[in-house]
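To start, the structure itself, in structure tokens.
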Amino acid sequence: MKLHEYQSKRLFARYGVPIPRGDVATTPEEARRIAARLDQRVVIKSQVLVGGRGKAGGIRLASDPDEAEEVADQILGMNIKGLTVKKVLVDEAADIATEIYLGIVIDRAQRRPVMMASAEGGVEIEEVARATPERIVRVTIDPFLGLQTYQGRELAFGIGLPKDLVRDFVKIAQGLYQAFVESDASLAEINPLVVTGQGKLLAVDGKVLLDDNALFRHFELAEMRDADTETLEEQEARRHGLSYVKLDGEIGCMVNGAGLAMATMDIIKLNGGEPANFLDIGGGAQSEKVAAALRIILSDANVKAVLFNIFGGITRCDEVARGILAALDEIGSDVPMVARLVGTNEEEGRRILAEAEMMTAPTLAEAAQKAVAAARGEV
Amino acid sequence: MSILVGRKTRLVVQGITGREGEFHTRQMLEYGTNVVAGVTPGKGGGWVAGVPVFDTVREAVEATEANCSIIYVPARFASDAMLEAADSGIRVVVCITEGIPVLDMIKVRAHLDCMDVRLIGPNCPGIITPEQAKVGIMPGHIHRPGSIGVVSRSGTLTYEVVHALSERGLGQSTAVGIGGDPIIGTDFIDVLRLFEDDPQTTQVVLIGEIGGTDEQRAAAFIARHMSKPVTAFVAGQTAPPGKRMGHAGAIIEGGEGTAGEKIAAFEAVGVRVARHPAEIADLVAELA
Numbered sequence: 008m009k010l011h012e013y014q015s016k017r018l019f020a021r022y023g024v025p026i027p028r029g030d031v032a033t034t035p036e037e038a039r040r041i042a043a044r045l046d047q048r049v050v051i052k053s054q055v056l057v058g059g060r061g062k063a064g065g066i067r068l069a070s071d072p073d074e075a076e077e078v079a080d081q082i083l084g085m086n087i088k089g090l091t092v093k094k095v096l097v098d099e100a101a102d103i104a105t106e107i108y109l110g111i112v113i114d115r116a117q118r119r120p121v122m123m124a125s126a127e128g129g130v131e132i133e134e135v136a137r138a139t140p141e142r143i144v145r146v147t148i149d150p151f152l153g154l155q156t157y158q159g160r161e162l163a164f165g166i167g168l169p170k171d172l173v174r175d176f177v178k179i180a181q182g183l184y185q186a187f188v189e190s191d192a193s194l195a196e197i198n199p200l201v202v203t204g205q206g207k208l209l210a211v212d213g214k215v216l217l218d219d220n221a222l223f224r225h226f227e228l229a230e231m232r233d234a235d236t237e238t239l240e241e242q243e244a245r246r247h248g249l250s251y252v253k254l255d256g257e258i259g260c261m262v263n264g265a266g267l268a269m270a271t272m273d274i275i276k277l278n279g280g281e282p283a284n285f286l287d288i289g290g291g292a293q294s295e296k297v298a299a300a301l302r303i304i305l306s307d308a309n310v311k312a313v314l315f316n317i318f319g320g321i322t323r324c325d326e327v328a329r330g331i332l333a334a335l336d337e338i339g340s341d342v343p344m345v346a347r348l349v350g351t352n353e354e355e356g357r358r359i360l361a362e363a364e365m366m367t368a369p370t371l372a373e374a375a376q377k378a379v380a381a382a383r384g385e386v
Numbered sequence: 683m684s685i686l687v688g689r690k691t692r693l694v695v696q697g698i699t700g701r702e703g704e705f706h707t708r709q710m711l712e713y714g715t716n717v718v719a720g721v722t723p724g725k726g727g728g729w730v731a732g733v734p735v736f737d738t739v740r741e742a743v744e745a746t747e748a749n750c751s752i753i754y755v756p757a758r759f760a761s762d763a764m765l766e767a768a769d770s771g772i773r774v775v776v777c778i779t780e781g782i783p784v785l786d787m788i789k790v791r792a793h794l795d796c797m798d799v800r801l802i803g804p805n806c807p808g809i810i811t812p813e814q815a816k817v818g819i820m821p822g823h824i825h826r827p828g829s830i831g832v833v834s835r836s837g838t839l840t841y842e843v844v845h846a847l848s849e850r851g852l853g854q855s856t857a858v859g860i861g862g863d864p865i866i867g868t869d870f871i872d873v874l875r876l877f878e879d880d881p882q883t884t885q886v887v888l889i890g891e892i893g894g895t896d897e898q899r900a901a902a903f904i905a906r907h908m909s910k911p912v913t914a915f916v917a918g919q920t921a922p923p924g925k926r927m928g929h930a931g932a933i934i935e936g937g938e939g940t941a942g943e944k945i946a947a948f949e950a951v952g953v954r955v956a957r958h959p960a961e962i963a964d965l966v967a968e969l970a
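The listed protein sequences derive, respectively, from chains P and H.
The first sequence begins at 8 in the working numbering and counts up by one.
The second sequence begins at 683 in the working numbering and counts up by one.
Here it is, written out as structure tokens:
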């Protein structure tokens, strides 16, 4: 789960990270009031969960409350990469001397959090990693000891920070690490961390990704979820405990198990089709769950055929078959469907589907071929 | 021979009185696994499917000499369960539980790395040595004893591949599901090393997927240390970047961890890569 910029910065501020004064507005009038209160030049920043807000015109300066209202009016309601701007952050405009990057991610290969700093702030760290990897300084953090002061100094001196800022920088690094650990984040980033004209450090932009698996112990953070980042189908899937990702193809797939679901998408492509989605119905899928999954798949108008691939381990094939039929009864779709069921109670499952005159296939390869043919109207 | 589990396995089931725990205990017993104990705090003194239940793993180990544990407890209790097993002297710990927070797993793994403990999982189907021991949730009947070692990040995809192998008479020495999380106890290299040293295993099938760089490191290891042939499959060629594909660890991040780069890494060191699951059995059969 992603946090908005304003949520990320407020989280960091709780751990002693200095952030600009500012507040969130949902109307142009509110933006004007905030700008008036700040009583200086402000920056109006769209709060949408995508990168490239600046380039899209979603971040603009305003020199007085009148202009703030006008700019906020233009940004609110704007569409940025498919997302509608509903909130803007009105921050005091920082007097920027230089821009630094400071962030923490989990390094899977080392199995440790890694903190990175770079003097190349203000651009995406992936870009810096590609173009000038030597300009990124890294420290690996021991999960039991946490970020040590010397590691903070290594980062500060490593990016050539002026000596008199090192102490403040280390405090910010430690605050960011605490925020990362205590919110169960998988990424926490200040980009840019600005050195102002007055020689102070200021976190001008922030980004946090939270570990969905840890949200059970962070009620306050869990409530910050912005439903707009998920399609209605994705929300519906999450409610039913299904794992769903919409894609652009024409063949819907319902599969048990994530790895098998990916392999099913791949074999559709191998046979000349394009998958319309990733969907893992998980283990022990009951009729209602299968029905919900089928509704989600068929709500995509691009879907010209549906492929079911169920390898029964915990999941029983007869239950899946009944689920498919129950869902079909309810939805009444004429989209062609191909089912491939293997495993526990497979004969019973196939018999149930055959009686309903559904296409079946004994192997995944054949099922994929039939689904691709069906999508082209060749069956 | 086989790896990790076999006839000498004496299994303790953590979370045995739960719905999943009890169901799979019965399944494992039916398969012939030597399940010697169960643990559920507060339910000590009871019995499940003829297996004695203890309050702590330590008691279970003292009373039954259990040497392997399988964990079915909910995600929020699973880290504690893994540490309890390791600290009670269990040497092979299999964690089925899905949804454990990553920062918890970092600590568990860091602690276990200081001990002589092999953790399999979490978020995995477990381990099976056909006709000897099933320590997991996989359908036992699709497996046949033989000489193919199988290691995979996936669950049902592994069943699919094993099923195809068995249908062609290609039995398995041991099949290990290492799990789909970003931080797991045992990676491809660990299992490849065990298969390389196992006299029963003649070939290895490796099933990877998008996310992370474990497959790339496995490829480098194979080039240097494996004398036995390895056949690979990598799921997720059609997966879009930045989206988590079911498994917590199956995500292309910052352009890294694509199926394409993993396949290229394998092919660069002469590992044959199947284009779809059924082709794996074809490639293995060529060398059997």
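Beta carbons are placed, not taken as given, at the ideal position from N, Cα and C, and that holds for glycine.
All values derive from a computational prediction rather than experimental measurement.
The criterion of a C-beta distance shorter than 7 Å is not satisfied by residue 275 (chain P) and residue 249 (chain P). For the 7 Å CB-CB criterion, residue 56 (chain P) and residue 238 (chain P) do not form a contact. With a threshold of 16 other beta carbon atoms within 10 Å, residue 152 (chain P) falls short and is exposed.
Put simply, the backbone Cα of residue 749 (chain H) is about 13 Å away from that of residue 696 (chain H). Contact check for residue 827 (chain H) and residue 853 (chain H): beta-carbon distance about 5 Å, within the 8 Å limit, so the pair qualifies.
Looking only at P:42, P:45 and P:85, the smallest Cα-Cα distance to residue 54 (chain P) is reached by P:85.
By the Cβ criterion, the segment 750-767 of chain H is in contact with the segment 724-742 of chain H, since at least three pairs of Cβ atoms, one from each stretch, lie closer than 8 Å.
When the five nearest sequence neighbours on each side are left out, the beta carbons in the same chain lying within less than 8 Å of the beta carbon of residue 283 (chain P) are those of 253, 254, 255, 256, 257, 258, 259, 260, 304, 307, 309 and 310, in order along the chain. Segment contact: the segment 777-795 of chain H against the segment 724-732 of chain H, fewer than three CB-CB distances shorter than 8 Å; contact not assigned. Buried is the label assigned to residue 128 (chain P), since at least 16 other Cβ atoms lie within 10 Å of its Cβ. DSSP, read as helix, strand or coil, puts residue 364 (chain P) in coil. With a minimum length of 3 residues, the unbroken runs of beta strand (DSSP E) contained wholly in the segment 111-187 of chain P fall at 119-125 and 143-147.
In the three-state DSSP reduction, residue 208 (chain P) falls in the strand class (E or B). When the beta-carbon positions are compared, residue 104 (chain P) and residue 165 (chain P) stay at least 7 Å from each other. Secondary structure note for residue 242 (chain P): its alpha helix (DSSP H) is the uninterrupted segment 239-246. Chain P has a Cβ within less than 7 Å of the Cβ of residue 919 (chain H).
Boundaries of the beta strand (DSSP E) harbouring residue 99 (chain P): 95-99, taken from the DSSP string.
Beta-carbon to beta-carbon, residue 333 (chain P) and residue 298 (chain P) are separated by about 6 Å, close enough to satisfy the 8 Å threshold. Among the residues facing chain H, residue 282 (chain P) is included, as its CB has a counterpart in that chain under 7 Å away. For chain P, the residues of the segment 857-869 of chain H that bring a beta carbon within less than 7 Å of one of its beta carbons are 862, 864 and 865, in chain order.
DSSP places residue 199 (chain P) in no alpha helix (DSSP H) but in the uninterrupted beta strand (DSSP E) bounded by 192-203. As for any beta strand (DSSP E) of minimum length 3 sitting wholly inside the segment 296-378 of chain P, the runs are 312-319 and 344-350, ordered along the chain. Annotation for residue 174 (chain P): no residue places its beta carbon closer than 7 Å to its own, counting only its chain and skipping 5 residues before and after. Scanning chain P for C-beta atoms nearer than 8 Å to the C-beta of residue 924 (chain H) yields nothing, as the closest lies near 10 Å away. Neighbours of residue 841 (chain H) in chain P, taken as residues at a C-beta separation under 9 Å, are given in chain order as 264, 267, 318, 319, 320, 349 and 350. One alpha carbon belongs to residue 123 (chain P), the other to residue 114 (chain P), and they sit about 11 Å apart. Between residue 868 (chain H) and residue 802 (chain H), the C-beta spacing is below 7 Å. DSSP places residue 250 (chain P) in the uninterrupted beta strand (DSSP E) bounded by 250-253. Chain-order list of chain H residues neighbouring residue 119 (chain P): 788 and 792, by C-beta distance under 9 Å. Per DSSP, residue 226 (chain P) has no beta bridge partner at all.
Under the 10 Å beta carbon count, residue 62 (chain P) is surrounded by fewer than 16 other beta carbons and is classified as exposed. Rounded to whole angstroms, the gap between the alpha carbons of residue 33 (chain P) and residue 82 (chain P) is 10 Å. DSSP places residue 266 (chain P) in the helix class (H, G or I) of the three-state scheme.
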